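Residue numbers (the numbering used here): 68 to 252. For glycine and all other residues, C-beta sits at the position ideal for the given N, C-alpha and C. As the structure is a computational prediction, the values presented were derived from the model and not from experiment. Report on one structure; see the data block that follows.
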Amino acid sequence: MDSHCPTGRSSAVAELLRSLQAPPRLAAHLRAVYDVAVELTDWVSDRYPGLAVNRDAVLFGAATHDVGKSLHPEELSGPGSAHEAAGRDLLLEHGVPPGLARFAATQASWDDPNVTIEDLLVSTADKVWKDKRVSDFEDRLLQALAAATGREPWEEYLALDDLLTSLGADASHRLTFQATFPVNQ
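This is how it looks when you write it as structure tokens:
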């Protein structure tokens, strides 16, 4: 993690991953998503200065969202969602407050009516790190951004599309980085 990570959280996440004997590929993936989340939250902060976003929560969520894959390593190279609830429970067991542990379980729940802007940003980072675009999900984020500004969703779409396209352009580098780490210990 870098200096943008909340004070003390970077070492806590690294220690948690070590204590769980998390697969190296998982740590690399979490790093890639975290790096995208830094850029994404910086963009949101610059473009939407009046939008209350808990940046520290987003970055922690990005750094831990798939921690449950340490219990379900088969989901590192194949489909599955068992890691979501397992990750939330694992974080709670390790003393992480529920408001932060939730990101492990909310990463694929963008259609939930209680989803927050922080949840949407973690989920966005988890998609765009590999240049994946999901229109239903992006529509939900656009609605939240438009509501925060009073602008039309199409206006926000143009700006968000530019950002996500730019972030996606580096996906091959992030995928190559992640692939250099083994799936298993």
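- With 16 or more other Cβ atoms from the protein chains shown falling within 10 Å of its own Cβ, Trp196 counts as buried.
- Taking a C-beta distance under 7 Å as the contact criterion, Ala119 and Ala192 do not qualify as a contact pair.
- Secondary structure of Val189 (DSSP, three-state): helix.
- The three-state reading of DSSP puts Asp178 in coil, since its state is none of H, G, I, E or B.
- Spatial neighbours of Phe170 in its own chain (CB-CB distance under 6 Å, excluding positions within 5 residues in sequence) are listed in chain order as Gly128, His132, Val189.
- DSSP places Lys194 in the helix class (H, G or I) of the three-state scheme.
- By the beta-carbon neighbour count (other beta carbons within 10 angstroms, threshold 16), Arg155 is buried.
- A check of alpha carbon separations from Val100 across Ser176, Val134, Ser202, Leu83 identifies Val134 as the nearest.
- Apart from sequence neighbours up to five positions away, the residues of its chain that approach Tyr115 with a beta-carbon distance below 7 Å are Leu212, Ala215, Thr216, ordered along the chain.
- Selection Val250, His161, Gly117, Pro140 evaluated against Val80 yields His161 as nearest (Cα-Cα).
- Contact check for Trp110 against Leu230 passes: the beta carbons are separated by less than 7 Å.
- For the 7 Å CB-CB criterion, Arg92 and Thr108 do not form a contact.
- With a 10 Å radius around the Cβ and a threshold of 16 neighbouring Cβ atoms, Arg207 comes out buried.
- For the 7 Å CB-CB criterion, Ala172 and Glu151 form a contact.
- Shown here, Val100 sits in a helix according to DSSP, grouped into three states.
- Counted as a single uninterrupted DSSP element, the alpha helix (DSSP H) harbouring Phe204 occupies residues 202-216.
- The shortest CA-to-CA distance from Ala168 to any of Asn181, Ala153, Pro180 is the one to Ala153.
- Look at Gln88 here: in three-state DSSP terms it is coil, with no helix or strand label.
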